[in-house]
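Chains A and B supply the protein sequences, listed in that same order.
Following UniProt numbering, the numbering of the first sequence begins with 1 at its first residue and continues without gaps.
Following UniProt numbering, the numbering of the second sequence begins with 1 at its first residue and continues without gaps.
Below: one structure, written as structure tokens.
There are 2 protein chains.
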Amino acid sequence: MNKKPTIKEVAKYAGVSPATVSYVLNGVKKVSNETKKRVLEAVDQLNYYPDFTAISLSKRKSNLIGIMLPLIEDTPASVFKNNFYYTEFVSGVELVSRNRKFDTMITGVGNPEECRQWVKKRNLDGLIFLGLFPEKLYNEMKTLNIPIVLIDTYEKYTNLFSNIQVNDELGGYLAASHLIELGHKDIAFIATDLKSSPVDAKRYQGYKRALQETGIKFNEKLTYQTYDITFEHGKKVAEEILKSEQKPTGIVTVSDVLAIGIMKALQMKHIQVPNDYSIVGFDDLSISEYTTPSLTTVRQDIFEKGKYAANLLINAIESEDVEHQTVELPVELIIRQSTKAL
Amino acid sequence: MNKKPTIKEVAKYAGVSPATVSYVLNGVKKVSNETKKRVLEAVDQLNYYPDFTAISLSKRKSNLIGIMLPLIEDTPASVFKNNFYYTEFVSGVELVSRNRKFDTMITGVGNPEECRQWVKKRNLDGLIFLGLFPEKLYNEMKTLNIPIVLIDTYEKYTNLFSNIQVNDELGGYLAASHLIELGHKDIAFIATDLKSSPVDAKRYQGYKRALQETGIKFNEKLTYQTYDITFEHGKKVAEEILKSEQKPTGIVTVSDVLAIGIMKALQMKHIQVPNDYSIVGFDDLSISEYTTPSLTTVRQDIFEKGKYAANLLINAIESEDVEHQTVELPVELIIRQSTKAL
DNA sequence: CTGAAAGCGCTTACAG
DNA sequence: CTGAAAGCGCTTACAG
């Protein structure tokens, strides 16, 4: 295969200087229409397209965005494996990024230093942080001076970076209210980690608000934390719940994955969902419609979230806009079969 | 933040030329131990790490590998969404790639031309093709002259590229044999697409071999094709099966996703798995242990597959090894609750 | 063993 | 409106 033509060859073919070719390709300065035409034709004839590596080096802009994945035991695998969430998100990012002429790199992140080096050595134009990272990472990243968008982060960092989130409070509220309407009063709340996950905390707030508004007394003993999102952890809380003396009749959960794990554990003990326990998840994963019973859940559009994040990021890159914005995407209760009137 | 030091600054600090710094960093030529030490110290002091963009431009090697994802309706989303498969695979690739100092880019692929441009403009060192692509793409890619590893491809391209696959024939055999041992004789085979998917075809062969070896007559009417891998498509075949007059008692499937869709459809009609139908999946997704009933399936280690692919690819890149190899990873029957003696 | 110089493929003041 | 030249941060024959 004949190799890719360079800008020089295009210039020669068009009878102009490389600089001129660069000008027309970048739409910069005023090039006479005639020479512009000649250049464009040369580009077309030679099937020229620029070398991004070279552009990256001279412009110090790579047209590359990076997605930081949280690592568990040094690999993003486990998070990917149990949290189908991420995968859809990444697809959303890839789609808009490709359409907007950016490429997307992914990495599991190690320490902050490694992360900064990754950005620097590849000249990344922007970053998306998917998930929760140690605080010092954010501080480190702040000094990088490139647009960064955070996903599902609250408080502390919100004003330092752009942020895409979902109406978590409302989600928790919707889930709990649904159960309450069905006549449930003893409603458990299953979180991952209320302290370190602000997302969980918000949903928890919503849950509490629903109780409060309907005059149901909040019972701390009905709150559980799993510290991880896997089916297995769902199973484990279910066992805890069964052992406790404060038995709920309804269960609000912070993730479909957890909800599915819980259902499984119950079913293994021949306890029926929704007859014995009503369960509501969060996310609406594609699997959730196909479990038995299908899962009532709070839906968020994760693919949309990915697209939104990419658009926001690329906007910031292209306009060098320093305004950080935080965007809140809607949430919707999807009623299926895992919940039932008491 | 002070900006990243360049090789010049390191050279100055060490009192040598940039060339020398480059030599020691690349372990090339013989640099006296003493100056080497000085350089290394400078590197350390200044916290220097090279700019990959520059290296990429001058070496024409990017330390970048690309993963091509199949596109559905212009986005990888849907395939990602229903095929949890890919996500684990990508994690495996990312892990070894990172450990071996490569970065990984992902893209949905459009047409062959777009694909070649992607490789060229980013100077990608190697490519992994995940899934099935149109034939002309392979031909086009062949002219790129970079190492490429294909996943789950058979025949035609096997000798043009490296290939990682799984013992599909055995997988089909294992699944069918298991059912046969349980006393099933009318065993359906649910494929995606026997014509265009060689993977399916191999599993089908294995299934037939199992029938043959035990003297069960193969019945073509028990073969179904879904033409896509989604829960929904699983549901649809289940309905077809229920409508047909040739009812199986056991069902062998080419994917857990399909199997789960089938189970769902049956359960919605109050048909019991495994009492009325025994079902075996393929892949062993993490969800498959958590469905009710949990799914008997043929396990393949997809994460391992990703790691293997990345290692093979990077080996080829680094040794400029032109030998294409095809590697076959093992497969294992995991017996759970969706199958039962007749 | 070490360095000056050219080059990778672009971009961008600057001059005309 | 157009081009020559320097520069982005490296590498690598080549010469010494």
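Using N, Cα and C, we set each Cβ at its ideal position, and we do this for glycine too.
Small disclaimer: the values here were computed from a predicted structure and weren't measured.
When the options are compared against residue i, the one with the closest alpha-carbon
i	options	result
E318(A)	I216(A), S97(A), Y227(A) and Q300(A)	S97(A)
Y173(B)	L137(B), V31(B), A210(B) and L160(B)	A210(B)
I335(B)	I302(B), Y86(B), S288(B) and V24(B)	S288(B)
N163(B)	K305(B), L137(B), I180(B) and S17(B)	K305(B)
K212(A)	T192(A), Y224(A) and D186(A)	What sits at residue 212(A) in the sequence shown is Gln, not Lys. When each option's Cα is compared against that of Q212(A), the closest is D186(A).
T223(B)	V254(B), F52(B), I229(B) and K235(B)	V254(B)
T291(B)	F231(B), N145(B) and L144(B)	F231(B)
V43(A)	G66(A), N63(A), L57(A) and P18(A)	P18(A)
residue 351(A)	T6(B), Y49(B), A238(B) and L313(B)	Lying before the first or after the last residue shown, residue 351(A) is absent from chain A, which here runs from 1 to 342.
K121(A)	L179(B), Q117(B), V119(B) and S56(B)	S56(B)
E240(A)	K221(A), K195(A) and K4(A)	K221(A)
residue 343(A)	Q117(B), K195(B) and E88(B)	Given a span of 1 to 342 for chain A in the structure shown, any question on residue 343(A) remains unanswerable.
V16(B)	E135(B), R38(B), L285(B) and K61(B)	R38(B)
P134(B)	I148(B), T20(B) and V109(B)	V109(B)
L312(A)	K12(A), R299(A) and T326(A)	T326(A)
K307(B)	L329(B), K36(B) and F161(B)	L329(B)
S177(A)	V166(A), Y204(A) and Q300(A)	Y204(A)
V331(B)	V298(B), L342(B), T6(B) and H324(B)	V298(B)
F161(A)	L144(A), G171(A) and A175(A)	L144(A)
K59(A)	V24(A), V119(A) and N123(A)	N123(A)
I180(B)	K208(B), D168(B), T20(B) and A191(B)	K208(B)
A309(A)	K3(A), G206(A) and V166(A)	V166(A)
Y23(B)	H324(B), L150(B) and T35(B)	T35(B)
L40(A)	I7(A), N63(A) and A54(A)	I7(A)
residue 349(A)	L333(A), V119(A), I128(A) and A188(A)	In the structure displayed, chain A extends from 1 to 342; residue 349(A) sits before or after that span and is not available.
D152(A)	D283(A), C115(A) and A14(A)	D283(A)
T192(A)	L242(A), D256(A) and A54(A)	D256(A)
K264(B)	T20(A), P293(A) and K243(A)	P293(A)
L342(A)	I128(A), A188(A), H184(A) and A11(A)	H184(A)
Residue j beta carbon less than 8 angstroms from that of residue i
i	j	result
L266(A)	G281(A)	no
G126(A)	P70(A)	no
E94(A)	L46(A)	no
E273(A)	S338(A)	The residue asked about is misnamed: residue 273(A) is Val in this sequence, not Glu. Their beta carbons are under 8 angstroms apart, which means V273(A) touches S338(A) by this criterion.
I279(B)	I251(B)	yes
K340(A)	L182(A)	yes
Y85(B)	I260(B)	no
Y154(A)	K202(A)	yes
F89(B)	I65(B)	no
I216(A)	L258(A)	no
T104(B)	I106(A)	yes
T226(A)	V237(A)	yes
N275(A)	Q246(A)	no
G206(A)	G234(A)	no
F129(A)	I146(A)	no
T53(B)	T87(A)	no
Cross-strand partners of residue i (DSSP beta bridge)
i	result
P69(B)	Here the sequence assigns Leu to residue 69(B), which means Pro is not the residue at that position. Beta-bridge pairing links L69(B) to G108(B).
I251(B)	A188(B) and I279(B)
L64(B)	D103(B)
_Report the start-end ranges of each beta strand (DSSP E) in the stretch 180-219 of chain B that is 3 residues or longer and not cut off at the edges._
Contiguous beta strand (DSSP E) elements confined to the stretch 180-219 of chain B occur at 187-191, taking only those with 3 or more residues.
Listed from N- to C-terminal order along the chain, which residues in the stretch 102-127 of chain B have their beta-carbon within a distance smaller than 7 angstroms of any beta-carbon of chain A? Within the stretch 102-127 of chain B, the residues whose Cβ lies closer than 7 angstroms to some Cβ of chain A are D103, T104, M105, I106, T107, G108, Q117, K120, K121, R122 and N123, listed in chain order.
In chain order, which continuous runs of the alpha helix (DSSP H) of length 4 or greater are located wholly inside the stretch 222-247 of chain B?
Along the stretch 222-247 of chain B, the alpha helix (DSSP H) occurs as fully enclosed runs of 4 or more residues at 231-243, listed in sequence order.
Where in the stretch 94-170 of chain A do unbroken runs of the alpha helix (DSSP H), each at least 4 residues long, occur, reported from the N-terminal end onward? You should have 112-122 and 135-142.
Could you list the residues in the stretch 25-53 of chain B with a C-beta less than 7 angstroms from some C-beta on chain A, going in chain order?
-> Taking 7 angstroms as the Cβ-Cβ cut-off against chain A, the residues of the stretch 25-53 of chain B that qualify are Y49, P50, D51, F52 and T53.
Point to revise | Residues, ordered as in the chain, of the stretch 129-158 of chain B that lie near chain A by beta-carbon distance below 8 angstroms | key: For chain A, the residues of the stretch 129-158 of chain B that bring a beta carbon within less than 8 angstroms of one of its beta carbons are T143, L144 and N145, in chain order.
Review point. Along the stretch 82-100 of chain B, what residues have a CB closer than 8 angstroms to any CB found in chain A?
Key: Going along the stretch 82-100 of chain B in chain order, one finds N82, F84, Y86, T87, E88, V90, S91, G92, E94, L95 and R98 with a Cβ nearer than 8 angstroms to chain A.
Where in the stretch 276-334 of chain B do unbroken runs of the alpha helix (DSSP H), each at least 4 residues long, occur, reported from the N-terminal end onward?
-> Correct list: 302-319.
Counting only Cβ-Cβ distances shorter than 8 angstroms, please list the residues of the stretch 272-289 of chain A near chain B, keeping chain order.
Within the stretch 272-289 of chain A, the residues whose Cβ lies closer than 8 angstroms to some Cβ of chain B are S286, I287 and E289, listed in chain order.
Near-chain B residues of the stretch 256-267 of chain A - C-beta to any C-beta below 8 angstroms: Within the stretch 256-267 of chain A, the residues whose Cβ lies closer than 8 angstroms to some Cβ of chain B are I260, G261, M263, K264 and Q267, listed in chain order.
- For the stretch 182-210 of chain B, which residues have a CB atom closer than 7 angstroms to at least one CB atom of chain A, in sequence order? Those would be none; no residue qualifies.
Which residues of the stretch 222-253 of chain B have a Cβ closer than 9 angstroms to any Cβ of chain A? Give them in chain order. Those residues of the stretch 222-253 of chain B that come within reach of chain A (Cβ to Cβ, closer than 9 angstroms) are T230, F231, E232, G234 and K235.
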